[in-house]
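Going down the list, the sequences are from chains C and R.
When you line the first sequence up against my numbering, it's residues 2 to 164, in that order.
When you line the second sequence up against my numbering, it's residues 2 to 164, in that order.
We put the beta carbon where it would ideally sit given N, CA and C, even for glycine.
Please read the structure below before turning to the comments.
There are 2 protein chains.
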Amino acid sequence: MDSALRTSHRPALLRDAARLQEALNELIRVLQFRDRDRACCYDLSVSQCHALQALIQNGPMTVTQLGGQLYLEKSTASRLAKALLEKELVRKRAPRADGRVVILQVTEAGHRLARKILNDLSEEYRNLLEGFEPDVRAALPLLLDRLTQTISTRMDPEDLTCC
Amino acid sequence: MDSALRTSHRPALLRDAARLQEALNELIRVLQFRDRDRACCYDLSVSQCHALQALIQNGPMTVTQLGGQLYLEKSTASRLAKALLEKELVRKRAPRADGRVVILQVTEAGHRLARKILNDLSEEYRNLLEGFEPDVRAALPLLLDRLTQTISTRMDPEDLTCC
DNA sequence: ATACAACGGTTGGTAGTTACAACTATATTC
DNA sequence: GAATATAGTTGTAACTACCAACCGTTGTAT
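Next up, the structure:
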């Protein structure tokens, strides 16, 4: 069906691009809204939650590395670290060779909280995924990873801050 | 392969849920970063850009409806509208029956700017999609729409602001 | 018919997110 | 040992967003 649009490749690609653009826009709005809504439940802001998860997924790291993980400027990462330190969800690991760096390590309390958040959220995603066919369930994360990877590497090389 | 994990259904579903959770987290970070980076190019903030696109996609609407589209509080939507009005990308349509409502309509300048933004972004997405197989290209937006739809309806009914 | 509740929108105040620039302290290099 | 580079922090400013209080319009009830 809809053969008029599928006769040539170009229009199909452009149409898919436009649809992807719209779909991602809508997705980002919904996710942001959900995250804003959920964050308050744990006495943690959205970005603090992301930081905590990044530290758990990738292990102890420096402030700058944390910023890299989250695509944030080092000053922003520093303040994020400060907030997590104050809440004692993270601690500074004994400095080693280089006296400048701060190594951030998730505390037991941090792990507990993160586990709780992950449990709650996974529960939600489990219910959500039940509405999808098993093969789609499995494919979805892989596809999203690939999409993220592609977008991310498309931006990295230039690194130009504007246009 | 990996039969230990696939013998029962439960673990597979939970594992997919966890992966989806991580994948979406990463995706949202990358997209936010990209949007922050791009916004400045058009003398438009990220949320103003979203508002403009929503008004174009869904036609003229009231301030509250705009807020609904973007998952924002009406006061936030009001200020967004104000900013777009000041930039003359949007105008107030002649009020009708109800003297309270303001109907927002995109101006010619607004359409021009939106077209430009969409063109630039579609160009990016076109290049991005070229790395994907044709069937994946077509499936991706549909899948994302479905995902968005599912997340969105999962939140609507409760509408509870916290926990 | 008039008081009053409901609604749409705006404004004030506040909190969180983020970047850029300037700064401090530690390391490296020549 | 001075100059330079690097890691992190702090000051400042713009953006995002909510809640609460408000104004004016509309609808409803007595």
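Under the 8 Å criterion on CB atoms, C/His112 is classed as non-interfacial with respect to chain R. Taking the CA atoms as reference points, C/Ala110 sits about 42 Å from R/Leu122.
Within the segment 64–117 of chain R, the complete beta strand (DSSP E) runs of at least 3 residues fall at 91–94, 104–107. In terms of CA proximity to R/Lys88, R/Tyr43 leads the group R/Tyr43, R/Leu143, R/Arg37, R/Asn26.
Of the residues assessed, R/Gln58 falls on the exposed side of the cut-off, its CB having fewer than 16 other CB atoms within 10 angstroms.
A Cβ-Cβ distance of about 18 Å is found for the pair C/Arg30 and R/Leu141, leaving them out of contact under the 8 Å criterion. Taking 8 Å as the cut-off, the Cβ atoms of C/Ile118 and C/Cys50 count as close. Shortest Cα-Cα distance from R/Val102 to any of R/Leu32, R/Leu143, R/Tyr126, R/Lys75 involves R/Lys75.
The beta carbons of R/Val64 and R/Ser79 sit closer together than 8 Å. Interface annotation, R/Ser153: in contact with chain C, CB-CB separation under 8 Å. Under the criterion of beta carbons closer than 8 Å, R/Tyr126 and C/Gln54 do not qualify as touching, at roughly 27 Å.
From the beta-carbon of C/Thr77, no residue of chain R is found nearer than 7 Å; the closest lies around 11 Å away.
Residues of the segment 18–37 of chain R with a C-beta atom less than 9 Å from some C-beta of chain C are Ala18, Ala19, Arg20, Leu21, Gln22, Glu23, Ala24, Leu25, Asn26, Glu27, Leu28, Ile29, Arg30, Val31, Leu32, Gln33, Phe34, Arg35, Asp36, Arg37, listed in chain order.
For C/Ser46, no alpha helix (DSSP H) run applies, since DSSP gives it neither H nor E. A Cβ of chain C is located within less than 8 Å of the beta carbon of R/Leu71. The criterion of a C-beta distance shorter than 8 Å is not satisfied by C/Leu148 and R/Leu143.
Taking 8 Å as the cut-off, the beta carbon of R/Ala24 is found closer than this to the beta carbon of C/Asp146.
Neighbours of R/Ser123 in chain C, taken as residues at a C-beta separation under 8 Å, are given in chain order as Leu15, Ala18, Ala19, Gln22. When the Cα atoms are used, R/Asn120 and C/Arg20 turn out to be separated by approximately 13 Å. For C/Pro142, the residues of chain R that pass the 8 Å Cβ criterion are Asp17, Arg20, Leu21, Glu23, Ala24, in the order they occur in the chain.
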